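Novice:
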Amino acid sequence: MSAEVLKYTREQIEEMEVAPGFAHENLEGWIPELASDEDVRQALEKAFDYRGDVSLTLKNGDVIEAYIFNRFTGNSLAESWVQYFTPKALDKRKVSYVEIARVEFTGKDRAAGKHWEDWVAKYNEKKAAGEKNIALVPDKLD
Amino acid sequence: MAVPISQMWTVATYVLKKRMSGEKRYPLVLMLEPLFRCNLACAGCGKVQYPPHILKKQLTPEECFAAAEECGVPMVAIPGGEPLLHPQIVEIVNGLVARKKYVYMCTNALELKKRLHEFTPSKYLTFSVHLDGQRDHHDFSVCREGGYDIAIEGIKAAVKAGFRVTPNSTFFDGTDPNSVRAHFDEMMAIGVEGIVLSPGYSYDKAPDQTHFMGRARVRRLFRAILSNRKKSWKFNMSPLFLEFLMGDRNYDCTPWGSPAYNIFGWQKPCYLLQDGYVDTFKELMETTKWEEYGVASGNAKCANCMVSCGYEPTAVIDGFGSMSGFWSMVKGTFSMYKDKHALKLLNESAPHGAAKLVQIAKPEHALEETNA
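Line by line, the protein sequences give chains E and Z. Each residue of the first sequence is one higher than the last, beginning at 1 in our numbering. Each residue of the second sequence is one higher than the last, beginning at 1001 in our numbering.
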C-alpha cells in the first residue's frame, strides 16, 4: 500500500507495520503549462508544497520571486490566492490565481537530494578513511 | 510522573474550567516555532528544508507573547529550528515565564552550556533536550558524531544550575528497546526531572522516508520498552499517553490540542502537517476541517501518527476530565507494568551487531504483537 492511497480504514491503520514514505516529486526547473483553470490550480498546489522559491509572472508583466507558504482555493480563480514571502520584503503578500500567467519552479528544492542512504554512504566512506567528527551540516544561508 | 504538582494543578484546573464552560475544542500546549533555522541536519526532520531567506526570518518576542495570550494555553513548547539560534530567545522565554506559562524550551543543546548563564531557573522553565538514545544512536540519528557528548555536557550543566531538564527522544524503525532502557538509566543517573519520548512522524519532507514505524510496530516497540519499568525511571508525560503507545488504550488524535504558530501564521491542522495557514487562532479553530484529519479520518498523512503532540492532549484531557481517568492516571504513575510476555520479547530482541549503524539496521527478530 503506498502513501498515494488517500484513505485507509481504521483496521488497515492499526495493522500497519511500516508507514509508507512519500515519493519526492522532482519539480526543480519545471514550467507547467497553464492552459486551463485546473492547470493553474494544480500548478499552484504543487508550488505551495514546494520547498524552494518559484517565479510567478503576472498577466501585467510583473515577475515575483517568492516562497509560497499558503494557498486558498475558492470556487473560481478570482476567489483563490497564494500567500508568499519574497527574499527582500518583510511582510506576507497575496496574489490571486486569476492574475498569474506563468509559474516557474526556479529556486533550489531544499527538500531534495538529502537522502538517508546518502548520509549512510558518506558516513561509511569517511569512517573507512579514518575521519573523526563526521557530520551533515545545514545548508549555508548565503 | 515527574511533572511538578503546581504544573499538574494548573493543567487540571484549566481542563476542568474548559469542560465546565462546555468548550469542546481547546488547546493545551502552544507549539511556538520562533524560527526554522537549525545547526543540525537530522535525517528524520522535515522542519528545516526552506530557502535561506525563510530560514533567516524569525518571530519577534511580541509576536510570541501575542500568540501565547491569543490561544490562552497553560503550557508553551518552543521547538523550531533550534531556538537558541534566535537572538532574542532569552527575552522570549523570560516574557512567557513572566506570564506564568510553563515553558518547554526544546534544544539540541549544542549551544546550551555556553548560553545557560543567560537564563534563570524557574518552575516555569524546562529545557527539553533532543536526545535520541545512547551515544551512537543519537549521533547517527542527528547525523553528527560528537553531538551526544555536547548535549550531555549541556544537560549536566543545566541540572547542576538548578534548571528543570527533560531529555526528549524520538524513536524510528530499527530502535533497540534494550538500548533505550539503558538510555533511561543513564538519564535518570544524571538527575533529569523526567523523560519525554515519542515515535517519529513520517514528515513528507524528511530525507529518510524508509524508517517510519507503522502503528503495529510502534505498539510492540513501546510495549517492550515501557513494560517492567524500573522504579528509578520518571516520565514527564501523561501515563495514559504511555499506555496508548504500549497498546493498552485506543485514542483519537486531538490536533487542536497542540496548535502551532510560526513565521507563516497559525498552522492548519497541526504541528506536523502543513495544510495552510491563518492569521488568528480563532480562525484556526473555526475554519479547519478537523474531520479530515486524525486516524479516524483515514487520511494517509495521519496513518502512522502516534506522536505526542496529537495524542498526549487526548490522554491529558482523558486523565483530568473524569474521576475514572484521574484514577487511571494515578495507577499508571505508580505501576511498573509487569508483563512477562513483554519481558520475553525484550530478551528476544537481538542487539544490533553494527551498533554505530543502529538506526539503519533492521531488527533480526521482529517483536511480536502483544495485546494492542
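Just so you know, even glycine gets a beta-carbon here, dropped at the ideal spot from N, CA and C. Just so it is clear, the structure is predicted and the values come from calculations on it, not from any experiment.
Z/ALA1260 by DSSP, collapsed to three states: which one?
Specialist: Three-state result, Z/ALA1260: strand.
Novice: Quick one: complete beta strand (DSSP E) runs, 3+ long, within the segment 1083 to 1124 of chain Z?
Specialist: With a minimum length of 3 residues, the continuous beta strand (DSSP E) runs that stay inside the segment 1083 to 1124 of chain Z are 1102 to 1107.
Novice: When you check each C-beta in the segment 68 to 88 of chain E against every C-beta of chain Z, which residues fall closer than 9 Å?
Specialist: The segment 68 to 88 of chain E vs chain Z, Cβ under 9 Å: PHE69, ASN70, ARG71, PHE72, GLN83, PHE85, THR86, PRO87 and LYS88.
Novice: Consult DSSP for Z/TYR1050 and reduce its assignment to one of helix, strand or coil.
Specialist: Z/TYR1050 falls in the coil class under three-state DSSP.
Novice: Would you tell me roughly how many angstroms separate the C-alpha atoms of Z/HIS1183 and Z/SER1258, rounded to the nearest one?
Specialist: Taking the straight line from one Cα to the other gives about 27 Å.
Novice: Nearest chain Z C-beta to E/GLY107 closer than 7 Å, yes or no?
Specialist: Yes, because at least one Cβ of chain Z sits closer than 7 Å to the Cβ of E/GLY107.
Novice: Could you tell me the boundaries of the beta strand (DSSP E) in which E/TRP81 lies?
Specialist: 81 to 85 is the extent of the beta strand (DSSP E) around E/TRP81.
Novice: Can a CB atom of chain E be found closer than 7 Å to the CB of Z/VAL1295?
Specialist: So yes, Z/VAL1295 belongs to the interface.
Novice: Whose CA, out of E/ARG10, E/GLN42, E/LYS92 and E/ALA35, lies closest to the CA of E/THR73?
Specialist: Checking every option, the nearest Cα to that of E/THR73 belongs to E/GLN42.
Novice: Mind listing the chain E neighbours of Z/CYS1253? Cutoff is C-beta to C-beta under 9 Å, in chain order.
Specialist: Within chain E, no residue comes near Z/CYS1253; the closest Cβ sits about 11 Å away, beyond 9 Å.
Novice: For Z/ALA1303, does the three-state DSSP call read helix, strand or coil?
Specialist: It is coil, neither helix nor strand.
Novice: E/PRO138 versus chain Z: which residues are under 9 Å apart at the beta carbon?
Specialist: Neighbours of E/PRO138 on chain Z, chain order: ARG1037, CYS1038, ASN1039, LEU1040, ALA1041, VAL1048 and LEU1055.
Novice: In whole angstroms, what is the alpha-carbon distance linking E/PHE22 and Z/PRO1051?
Specialist: Going from the Cα of E/PHE22 to the Cα of Z/PRO1051 covers about 21 Å.
Novice: CA-CA distance, Z/ALA1077 and E/PHE48?
Specialist: Straight-line Cα distance between these residues: approximately 26 Å.
Novice: Can you say whether Z/HIS1341 is buried or exposed, counting buried as having 16 or more other CB atoms within 10 angstroms of its CB?
Specialist: Exposed is the call here.
Novice: Using DSSP with H/G/I as helix, E/B as strand and the rest coil, what is Z/PRO1269?
Specialist: If DSSP states are grouped into helix, strand and coil, Z/PRO1269 belongs with the strands.
Novice: Looking at the structure shown, is E/TYR50 part of a helix, part of a strand, or coil, going by DSSP?
Specialist: In the structure shown, E/TYR50 sits in coil (DSSP, three-state: anything other than H, G, I, E or B).
Novice: Please confirm if the segment 1156 to 1163 of chain Z is in contact with the segment 1118 to 1131 of chain Z, defined as three or more CB-CB distances below 8 Å between the two stretches.
Specialist: Segments in contact, yes.
Novice: Within 10 angstroms of the Cβ of Z/ASP1139, are there 16 or more other Cβ atoms? Answer buried if so, exposed if not.
Specialist: Under this definition Z/ASP1139 is a buried residue.
Novice: Leaving aside the five residues before and after Z/MET1187 along the sequence, list all residues of the same chain whose C-beta is less than 7 Å from its C-beta, in chain order.
Specialist: Taken in chain order, the residues that qualify are PRO1167 and ILE1195.
Novice: Taking only runs that begin and end inside the segment 1173 to 1253 of chain Z, name each unbroken beta strand (DSSP E) of 3 or more residues, in chain order.
Specialist: Complete beta strand (DSSP E) runs here, min 3: 1196 to 1199.
Novice: Would E/ALA111 and E/THR57 be called neighbours here (beta carbons separated by less than 7 Å)?
Specialist: No; because the gap between Cβ atoms is not below 7 Å, this pair is not in contact.
Novice: How should Z/ARG1025 be labelled, buried or exposed, when 16 other C-beta atoms within 10 angstroms of its C-beta is the threshold for buried?
Specialist: Per the 10 Å Cβ criterion, exposed.
Novice: Jot down the residue ranges of each uninterrupted beta strand (DSSP E) in the segment 59 to 107 of chain E, minimum 3 residues, whole runs only, in chain order.
Specialist: Counting only runs of 3 or more, we get 63 to 72, 81 to 85, 93 to 96 and 100 to 104.
Novice: Can you tell me whether E/GLN12 is helix, strand or coil according to DSSP?
Specialist: Here E/GLN12 sits in helix by DSSP.
Novice: Under 7 Å, do Z/PRO1199 and Z/SER1349 count as touching if we go by C-beta distance?
Specialist: Going by C-beta atoms, Z/PRO1199 is not nearer than 7 Å to Z/SER1349.
Novice: Give the secondary structure of Z/PRO1167 by DSSP, where H, G and I count as helix, E and B as strand, and everything else as coil.
Specialist: Strand.
Novice: Taking the straight line between their C-alpha atoms, what separation do you get for Z/LEU1040 and Z/PHE1212?
Specialist: Straight-line Cα distance between these residues: approximately 20 Å.
Novice: Which residue wins for smallest C-alpha separation from Z/GLN1007, given the options Z/HIS1053, Z/SER1232 and Z/TYR1104?
Specialist: Cα-wise, what sits closest to Z/GLN1007 is Z/TYR1104.
Novice: Is there a Cβ of chain E sitting closer than 7 Å to that of Z/ASN1304, yes or no?
Specialist: Chain E contact via Cβ: present.
Novice: Nearest to Z/CYS1270 by CA position, among Z/SER1232, Z/TYR1277 and Z/ALA1260, is which residue?
Specialist: Of the candidates Z/SER1232, Z/TYR1277 and Z/ALA1260, the one whose C-alpha sits nearest the C-alpha of Z/CYS1270 is Z/ALA1260.
Novice: Can you tell which of Z/VAL1048, Z/PHE1241, Z/GLY1276 and Z/TRP1009 has the C-alpha that lies nearest to the C-alpha of E/ASP139?
Specialist: Considering only alpha carbons, the answer is Z/VAL1048.
Novice: Would you say E/ARG110 faces chain Z, with C-beta separation under 7 Å as the test?
Specialist: Output row for E/ARG110: interface = yes.
Novice: Name the chain Z residues whose beta carbon is nearer than 9 Å to that of E/VAL18?
Specialist: By Cβ distance, chain Z contributes ASP1173, THR1210, HIS1211, PHE1212, MET1213, GLY1214, ARG1217 and ASN1304.
Novice: Beta-carbon of E/LYS7 versus every beta-carbon of chain Z: anything under 7 Å?
Specialist: Closer than 7 Å: yes.
Novice: Determine the DSSP secondary structure at Z/ARG1130, reduced to helix, strand or coil.
Specialist: First, the residue type needs correcting, since residue 1130 of chain Z is His and not Arg in the sequence shown. Here Z/HIS1130 sits in strand by DSSP.
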